[in-house]
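With the UniProt record's numbering, the residue at position 146 of the sequence shown is 146, and numbering never jumps. Cβ atoms here follow ideal geometry from the backbone N, Cα and C, with glycine treated the same way. Quantities reported herein were computed from a predicted structural model and do not represent experimental measurements.
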Amino acid sequence: MDVVIVGSGAGGLTTASNIKKHDKNAKVTVITSDNYIAYSPCAIPYVIGKEIADFESIIMHTPEDYKTKGIDVIIEAEVLDVVSNENKVIYKKDGTETEIKYDNLVLATGGTPFVPPIEGVNLDGVFKVRTIDDGQKITEWAKDTKNAVVAGAGAIGIEIAFGLKELGLDVTVVEMVPQVFPRALDPDMAETVQKYLEEQGIKIILEKPVGKIIGNDKVEAVLVGEETIPAEMVIMSTGVRSNIELAKKAGCEIGRWAVLTNEKMQTSIENIYAVGDCVEVIDAITMQNTLSPFGTTAVRQGKVAAKRIAGLEAEIKPVLNSMVSKIGSLEIGGTGMTETAAKMNGIEVVLGYSKALTRARYYPGGKAIYIKMVADKNTNRVIGCQIISEERVAERVDAMSVAISNGMTVEELANQEFCYAPPVSMVIDPIVFAAEDTLDKF
């Protein structure tokens, strides 16, 4: 069996490794435009901020490593076309076009940073953040920079902003909507994060877009509303668009945003699969199509696609888009629907809150933890949770993901057993406090 995979991100390489795991005789070829593979783009901000020593540290495997597993990885190659009725892919490397046949094709083409068409966006000193190359360029440019503007206050934008601040730059974050972390947090929770950022010396401008980037050959300033902000570099962190061009050429059905697949990760063409940022997923709360640009989703999809290609049973489950971010000492996490998203989808909600400690109140080193719980008033089910603290956020987000995925009601969660020891927890977990507060409001 010949399998060709286009793309070397989390989804593509997970698919490749798992196909060989399930079928040692499969011939697997990965084609990618990247010159580095098997790294997490999520780590790039932490290299920029020197929390991770260098970019080499985040590269987990090389093409040679995959060769020892029986997987051929062709780097720095452009896939030009997919001829699905002939089961072949045409790619170009070093100026030479090559055809390769497949029995099964996996599209793991990822996404491309969206850069709004504003004046000055092509000046030297304007950067996007997606690849190691992008990170290296930002790091090098920052050495001779005093002022930076980050357009976009989502997780990556804020992480980059903090990293640049750690390098000693004066940093301004500009966001069109009225809050930071607009997709992950509700405004009341976002205020806590914004306050922390401002305490670290990062300026936040909300409800205004970057209107113009000013400069001759390179960036000199940014116009935001009526204000001109000095800047020698601009980071565009304004969203990602799915790469669907190859899927279109192959004749795969495209949805509102990305490639459509079934629960087996098959596209509308039976022997073409798709995984990762180029794919639409099912939201676990609304059961409607959405996007899930997370490595965790791509890995799960890759495992499903690999099993199906190898002739095994597997199905992808709907997603909650669980996330976590770390900015300095602050951890921000969430899973399921925010209050804002729920109301946009016509769901009547009941809200609960808790402010507690991560350890017994008498035990040294405990940190404040803030939790917001969102429940469906009609079903009593928990449908979302947001958590902010300086420690132990990720594990609580994971616990809430399990609870929501299994349809747990607020009452069930309020009566759920949690572990306890003074150095690591309170005798009543903050999640239980939030569930009890929610339950009291029904």
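query: Consult DSSP for Ile235 and reduce its assignment to one of helix, strand or coil.; result: strand
query: Roughly how many angstroms lie between the CA atoms of Lys128 and Glu175, to the nearest whole one?; result: 16 Å
query: Within the region 2–64, note down every full alpha helix (DSSP H) run reaching 4 residues or more, in order along the chain.; result: 10–22, 44–48
query: Tell me which residues share the same chain as Pro255 and place their Cβ nearer than 8 Å to its Cβ, disregarding the 5 neighbours each side in the sequence.; result: Note on identity: in this sequence residue 255 is Gly, with Pro being the wrong assignment. Once the five neighbours on either side are set aside, the close Cβ partners of Gly255 are Glu280, Asn289.
query: Output the distance between the C-alpha atoms of Thr335 and Ser322, rounded to the nearest integer angstrom.; result: 4 Å
query: Name the one or two DSSP bridge partners that Glu175 has.; result: Leu206
query: Looking at Glu119: is its Cβ nearer than 8 Å to the Cβ of Lys93?; result: no
query: So the candidates are Thr131, Glu390, Glu99; which of them puts its Cα closest to the Cα of Pro113?; result: Thr131
query: Assuming Val73 contacts Ile19 (C-beta within less than 8 Å), just tell me the rounded distance between them.; result: No, Val73 and Ile19 are not in contact; Cβ-Cβ is about 13 Å, not under 8 Å.
query: Please check the pair Lys355 and Val349, which I expect to be a contact at CB under 8 Å, by giving their CB distance rounded to whole angstroms.; result: Their Cβ separation, rounded to whole angstroms, is 20 Å, which puts Lys355 and Val349 out of contact at 8 Å.
query: Whose C-beta lies closer than 6 Å to the C-beta of Ala247 among residues of the same chain, with five residues either side of it excluded?; result: Leu107, Val259
query: For Ser33, I'd like the list of residues in its chain whose CB is within less than 7 Å of its CB, leaving aside the five on either flank, ordered along the chain.; result: Glu76, Ala77, Glu78
query: Let me check understanding here. Comparing Cα to Cα, which of Asp429, Gly352, Thr145 lies closest to Asp440?; result: Gly352
query: Suppose only complete runs of 4+ residues qualify. What are the alpha helix (DSSP H) ranges in the region 336–406, listed by chain order?; result: 339–344, 393–405
query: Taking the continuous alpha helix (DSSP H) assigned at Tyr196, which residues delimit it?; result: 187–199
query: Just the C-alpha distance for Glu227 and Thr172, rounded to the nearest angstrom, thanks.; result: 12 Å
query: Is the beta carbon of Lys50 less than 8 Å from the beta carbon of Glu166?; result: yes
query: Does the structure place the region 400–413 close enough to the region 378–387 that three or more beta carbon pairs sit under 8 Å?; result: yes
query: Identify whether Phe294 lies in helix, strand or coil by the three-state DSSP scheme.; result: coil
query: Give me, in chain order, the residues of the same chain whose beta-carbon lies closer than 6 Å to that of Glu207; leave out the 5 immediate sequence neighbours on both sides.; result: Pro178
query: If I follow the unbroken beta strand (DSSP E) through Val219, where does it start and stop?; result: 219–224
query: Rounded to whole angstroms, what's the CA-CA distance from Ala43 to Trp257? Just pull it up for me.; result: 26 Å
query: Mark Tyr362 as exposed unless 16 or more other C-beta atoms lie within 10 angstroms of its C-beta, in which case mark it buried.; result: exposed
query: Please name the residue, chosen from Asn25, Glu199, Met233, that lies closest to residue 479 on a Cα-to-Cα basis.; result: Residue numbering for the chain in the displayed model covers 1 to 442; residue 479 lies beyond these limits and cannot be assessed.
query: Using 8 Å as the threshold, is the C-beta distance between Asn104 and Met1 below it?; result: yes
query: What is the C-beta distance between Ser389 and Lys367, in whole angstroms, given that I count them as a contact (C-beta under 8 Å)?; result: 5 Å
query: Check whether the Cβ atoms of Glu395 and Ala414 lie closer than 8 Å to each other.; result: no
query: Could you tell me whether the Cβ atoms of Ala298 and Gly9 are closer together than 8 Å?; result: yes
query: Let me make sure I understand the geometry here. Which of Val219, Glu220, Ala161, Asn216 has the alpha-carbon closest to that of Leu197?; result: Ala161
query: Applying the criterion that 16 or more other CB atoms from any shown protein chain within 10 Å of the CB defines a buried residue, is Glu80 buried or exposed?; result: The question names Glu, yet the displayed sequence has Leu at residue 80. Exposed: under 16 other Cβ atoms inside 10 Å.
query: Can you look up Lys165 in the DSSP assignment and give me helix, strand or coil?; result: helix
query: Does the beta-carbon distance from Val28 to Val3 come in below 8 Å?; result: yes
query: In chain order, what residues of the same chain have a beta carbon less than 8 Å from the beta carbon of Lys218, not counting five sequence neighbours either side?; result: Leu123, Asp124, Gly125, Glu232
query: Could you tell me whether the Cβ atoms of Gly110 and Asp277 are closer together than 8 Å?; result: yes
query: Sort Val427, Gly152, Thr379, Cys419 by Cα distance to Ile404 and report the nearest one.; result: Thr379
query: So for Pro430, helix, strand or coil by DSSP?; result: helix
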